[in-house]
Each structure stands twice: as structure tokens, then as C-alpha cells.
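Engineer: All residue numbers for the sequence shown refer to my numbering, where the first residue is 40 and numbers rise by one. Even for Gly, the Cβ is constructed at its ideal location relative to N, Cα and C. Just so we're clear, the structure is a prediction, and the values are computed from it rather than from any experiment. Just dropping this structure here.
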Amino acid sequence: MMILNLNLLSPAKKRGNEHVISFIFIKNMLEISLFVATILAIALLLSWDVLQNDFNNLSASAVLVNQEFSGYNQEIRKINQIDRNIVSAGKTFHPITIELVGLAEISPSGVKLSSLNLDRPNLKLVISGMAKNRDDLLNYQEQIKKILWVDKIETPTSQLFQKENINFEFSITIKKDYAS
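Next up, the structure:
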């Protein structure tokens, strides 16, 4: 059996049909391209939204971290300032307890101390006590004058008129080097 193709269309119609077929093919290709481009655009928009949310979360956490570290930095600054103050205070500190014990140890056997009043801000030390006789009192006064940290010692002259059982009070000025 033989198949016979009859083409009853005119050549202009044939060309017109070929053009219509080409146009439909191009139209279908453009529709497919547009559909693919739309799918890609939707995918890009979704990924952009995900990335934007991640960026916002990251920015928010960075702000929180900066605020937290800011608080830590403030605490560290306060601690460093306290440390500097302690070091500064320690540079000029001189313990006076040892000197006060030494002051009591050099007292003659005839002298009994009853009180020591220390006024560190005003660099004053007041020693009160009782001496058996004037020689013990004068001896103790001379011993105090020899101490390195004593700047000046004042004794009321009325105490020196008594011969025995003398209640005394020495007012001692401390040198500035030993006061801090």
C-alpha cells in the first residue's frame, strides 16, 4: 500500500502555516522560559527572605553580645580602678603597729603606759601613763626623741615639777614619711 501525500495548499499558505508553526514553537519556548524564570525568581525570593531573617537574627545576637560585653567591660574598668586605688594606697602605707609596740618596749621599768591615742590624719600620737619618778619620765622622753618617726614631742612643764608618781601625757608629732 502506498501512501500518497497530497498537498492542496498554495505555496503562500504553506509558508504562512510554517510561519504560524514557528511562531507557536517560539511562543511555547518563551512560555517555558518565562515559567522557568518565574520559578527561579520565586526560589531566589525565598532564599533572600531566609538570608534576611538569618542576618537579622545574627545582628540581634551581635547587639546582645556587645551589650553583654559592654557590661563586662564596665565591671572590669571598676575592678581595675579599685585595683589602682589599692596599689596607690599600698605605695604610701607604712604599718605603725610595729612602731607603737617598739614605743611601749623602750619604756623604763618605772614607767607604766595607760593609753595610746593615735590621730593619723593629723599626725599626732598622745601617750598617757604614770612614772614612778622624774628621772624615769625624763629618760623615757629622751628615748622617744631618738625614735626615727618622731618629729616633735611636747610635754606639759607642770608634769616636771612633781618628783614621784607622776601622771604624764606626751603629745608626739609624727613625721609625714611614717604617717601614710
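1) Three-state secondary structure (DSSP) at G149?
2) In the structure shown, what three-state DSSP assignment does M68 receive?
3) Measuring alpha carbon to alpha carbon, tell me which of D190, S197, P195 and N204 ends up nearest I211.
4) Would you check if the stretch 159-178 and the stretch 111-128 touch, i.e. whether three or more CB-CB distances between them fall below 8 Å?
5) If you check the beta carbons only, do L162 and L155 fall under 9 Å apart?
6) Could you spell out where the alpha helix (DSSP H) holding L177 opens and where it closes?
7) Can you name, in chain order, every residue of its own chain whose Cβ lies under 6 Å from the Cβ of N206, other than the five neighbours on each side?
8) For L155, does the three-state DSSP call read helix, strand or coil?
9) Looking only at its own chain, which residues have a Cβ that is under 8 Å from the Cβ of L48, when we skip the five neighbours before and after it?
10) Return the CA-CA distance between L152 and S197, expressed in angstroms with no decimal places.
11) Can you list, in chain order, the residues of its chain whose CB lies under 7 Å from that of L199, leaving out five sequence neighbours each side?
12) Taking the alpha helix (DSSP H) that V42 falls in, what are its first and last residues?
Structural biologist: The structure says:
1) Translated into positions along the sequence shown, residue 149 becomes position 110. Three-state DSSP puts G149 in coil, outside helix and strand.
2) What you label residue 68 is simply residue 29 of the sequence shown in a count that begins at 1. Here M68 sits in helix by DSSP.
3) Along the sequence shown, read from residue 1 onward, the residue named residue 211 stands at position 172. Comparing Cα positions, the closest option is D190.
4) No, they do not touch.
5) Position 123 of the sequence shown, counted from the first residue, corresponds to residue 162. Position 116 of the sequence shown, counted from the first residue, corresponds to residue 155. Between L162 and L155, the C-beta spacing is not below 9 Å.
6) Within the sequence shown, numbered from 1, the residue matching residue 177 stands at position 138. Start and end: R173 to K184.
7) Against the sequence shown, residue 206 aligns to sequence position 167. So the list reads M169, once near-sequence residues are dropped.
8) Reading the sequence shown from its first residue, position 116 is the one you call residue 155. It is a strand residue.
9) Within the sequence shown, numbered from 1, the residue matching residue 48 stands at position 9. Hits under 8 Å: N56.
10) Counting from one through the sequence shown, the residue named residue 152 turns up at place 113. Counting from one through the sequence shown, the residue named residue 197 turns up at place 158. Put simply, the backbone Cα of L152 is about 19 Å away from that of S197.
11) Position 160 of the sequence shown, counted from the first residue, corresponds to residue 199. Answer for L199: R173, listed in chain order.
12) On the sequence shown, position 3 is the one that residue 42 refers to. Note that residue 42 corresponds to Ile in the displayed sequence, not to Val. Run containing I42: none; DSSP gives neither H nor E here.
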